[in-house]
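All residue numbers for the sequence shown refer to this note's numbering, where the first residue is 25 and numbers rise by one. All residues carry an ideal CB built from backbone N, CA and C; glycine is no exception.
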Amino acid sequence: MERKRKLSGSILTMMAAGLTAAGCLQSSGPEMEIRREVSIGFERGGYVTRTALPDEERINDINLIVTSGDEIEDIIWTRTPYDSQSHFITLNLIRGRSYSFHTFVNFGKKIEISSADELDEVSFRIENPDGYAGGIPMTAVAEDIMIDDTGNITLQLERMMAKISLKIDRSRLSDDVKINVTGVRIGNCPGYAYALKANKVVSSYDCLDQGFTLNSDQCQALNRIGQGGISDEASLYMLENMQGDFPSEIEEDEEKVFDAGDPMTSVCSFVELTMNYTSDSHFSRNGLIYRFYLGDGLENLDVERNCHYHITVTPEDDGLSGSGWRVDKTGIGTYVREIKLSSYSIDMTYKGETAVIEAEVLPADASDKSISWYSSNSSVAKVDTDGKVTATGEGRCTITCKADDRSGARAESEINVKFAPPYFMMYPGEYIEGNVGEKIHIWCEFFPPNAPFDPGLEELNYDKGRGIYDYELDEDGHGVTLTLKNPGTGIVYMTAGEPVNESGMAVVVVNRQRR
């Protein structure tokens, strides 16, 4: 579809210095044809808001192609001073003859064509967004203009790019939800556009790898919250991409999402926001992404040049779903909400006593279930990375288990350490008598149970060497089972060290086996 061409015939009063073409047009008519000096001026129309990048008002260079009938009369390319506020080109044209004027602004080079038929194929091409950072490409067309005594022609410039302005309305978010925009970009941003006819991307190869973007500093306007919870506005730009209607009927903005594998996903332009996200239950690990396919209305995918699109992003409730926005939650993690402990109070009665506290982290699908343990007073009790508590001295302290995911989830167990008095008892007595072939069990009970203990190995081995008995130590090392072998007398001497510091001795008499 060829774009409607516009002309403004108003007279301009030029205040800036004029730019005169390097050569005058040559007369193609009789010698008596009268030439007039004609000033071609340019006005910028459409959206007029100024932003730092790109400068929407800047005119950096001008291509003016003058045709008469099907013939090219002249191609003029001129650069303009950066601070110029008005621009014009002065030509000598034949009075009474009709001319057409095709203007291409901010193309960065002279346009080379050999015939008027090639005008519709003129295009603006860029490799990256910086290609139009210094000035938006613009065009103007005025056809079949009769040169009269007025001497001034004004061409209305039309920007080849659409402006997309964003705001965020946070008024419908839950109180615990905080979002901070860190980046905005145009996806499937066309890398070229025809200057004089409608432009449509036909494959992903026609798109920039990286479209127009706003970095974290440039999109801070979206994080300034004003009246009613609505942010300031931030803007991006893109070349025209006329993709027509959505392939199916939809009734809600949230349905404007393509099925997996749909080829339209690689040619239809979209806005994508990346933001840091926190709430009581979730957080962003690599950023929460909101994406919205652009278009002129619910069922349309056209992004038209020289148009200013206003979009207000309105996330609701937890912010992880919202009408009209496709939310990529792969970068969202679930916070730990609760930690349950196997014990919330432990009494300990001696130095070195240990107890293990087990922790259950909830919910089960928490993204980071790692935990750390802390003691409020390690001189009373210390704790290791597995929740093992060891009493170190009398007193009270708190053992805290805390989630590592910055959720603040924690649980505490109170530890009370009060040492009980030590004691020592040896069983079954101090004098033990038995016959050859019998078994005798001798053992000690003492407190605290972790005191160093010697079952009297030196004496046991001595008597074993004498052949009086053989022995086997108890599993806990606190006792011994004797197997009586030959008549005689031996001793069993057992000692518990600090803090018990007690010993016991049993005399063992082995008699002959009775017949």
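Which of helix, strand or coil DSSP assigns to residue i
i: Asn330; result: coil
i: Arg82; result: coil
i: Ala530; result: strand
i: Thr206; result: strand
i: Gly53; result: Caution is warranted here: a pLDDT of 47 is assigned to Gly53, below 50, making its placement in the model unreliable, and no coordinate value can be reported.
i: Ala140; result: helix
i: Asp230; result: helix
i: Glu145; result: helix
i: Pro339; result: coil
i: Pro476; result: coil
i: Pro214; result: strand
i: Gly33; result: The predicted position of Gly33 is uncertain, since its pLDDT is 29 and thus under 50; a value taken from the coordinates is nonetheless stated next. Coil at Gly33, not helix or strand.
Residue span of the alpha helix (DSSP H) that contains residue i, given as start and end
i: Ile485; result: The sequence shown places Asn at residue 485, not Ile. Looking at the DSSP string, the run of the alpha helix (DSSP H) that includes Asn485 is Leu481 to Arg490.
Residue range of the beta strand (DSSP E) that includes residue i
i: Glu522; result: First-last for Glu522: undefined, no H or E at that position.
i: Ala186; result: Met185 to Ile192
i: His306; result: His306 to Ser308
i: Phe128; result: Ser122 to Val129
i: His24; result: The shown model of the chain, from 25 to 539, leaves out residue 24, and the question about it has no answer.
i: Ile169; result: Met162 to Met170
i: Asn116; result: Phe112 to Ile118
i: Thr102; result: Glu95 to Arg103
i: Tyr314; result: Leu312 to Tyr317
i: Asp352; result: Arg350 to Asp352
i: Asp494; result: Tyr493 to Leu497
i: Thr505; result: Gly503 to Leu508
i: Ser63; result: Arg59 to Arg68
Per-residue burial, residue i [other beta carbons within 10 Å of its own, 16 or more giving buried]
i: Leu246; result: buried
i: Pro153; result: buried
i: Val524; result: buried
i: Asn310; result: exposed
i: His334; result: exposed
i: Tyr261; result: buried
i: Val72; result: Because the pLDDT at Val72 is just 43, under 50, the model does not fix this residue reliably, and the point stays unresolved.
i: Thr91; result: buried
i: Thr513; result: exposed
i: Tyr359; result: buried
i: Asn474; result: exposed
i: Thr188; result: The question names Thr, but residue 188 is Ile in the sequence shown. Burial call: buried.
i: Asp487; result: buried
i: Ile274; result: exposed
i: Glu540; result: Because the chain in this structure spans residues 25 to 539, residue 540 falls outside the shown range and cannot be described.
i: Gly343; result: buried
i: Tyr398; result: exposed
i: Ser303; result: buried
i: Val572; result: For residue 572 there is no data in the structure shown, the boundaries of the chain being 25 and 539.
Curious, which full-length beta strand (DSSP E) runs of at least 3 residues does the segment 354-422 contain?
356-358, 362-365, 369-372, 378-380, 383-386, 395-399, 405-407 and 412-415
Along the chain, which unbroken stretches of the beta strand (DSSP E) at least 3 residues long are found entirely within the segment 241-294?
258-263 and 265-269
Does the segment 478-485 come close enough to the segment 400-417 to have 3 or more Cβ pairs within less than 8 Å?
no
Flag this pair as touching only if the segment 193-203 and the segment 337-347 have three or more C-beta atom pairs under 8 Å; answer yes or no.
yes
Ignoring anything shorter than 3 residues or poking outside the segment 428-460, list the beta strand (DSSP E) runs there in chain order.
434-441, 447-451 and 455-459
Stretch-stretch touch, CB-based, cutoff 8 Å, three pairs: the segment 375-382 with the segment 327-336
no
Count Cβ pairs between the segment 494-506 and the segment 453-466 that sit closer than 8 Å; are there 3 or more?
yes
Quick one: any contact between the segment 279-292 and the segment 235-245, if contact means 3 or more CB pairs under 8 Å?
no
Looking at C-beta atoms only, is the number of pairs between the segment 304-323 and the segment 166-180 that lie closer than 8 Å three or more?
no
Are there three or more Cβ pairs, one per stretch, closer than 8 Å when the segment 260-274 is compared with the segment 195-205?
no
Sufficient close CB pairs (3 or more, under 8 Å) joining the segment 434-442 to the segment 362-374
yes
Would you call the segment 440-458 in contact with the segment 414-423, where contact means no fewer than 3 C-beta pairs closer than 8 Å?
yes
Do the segment 174-182 and the segment 57-71 touch if we need at least three Cβ pairs shorter than 8 Å?
yes
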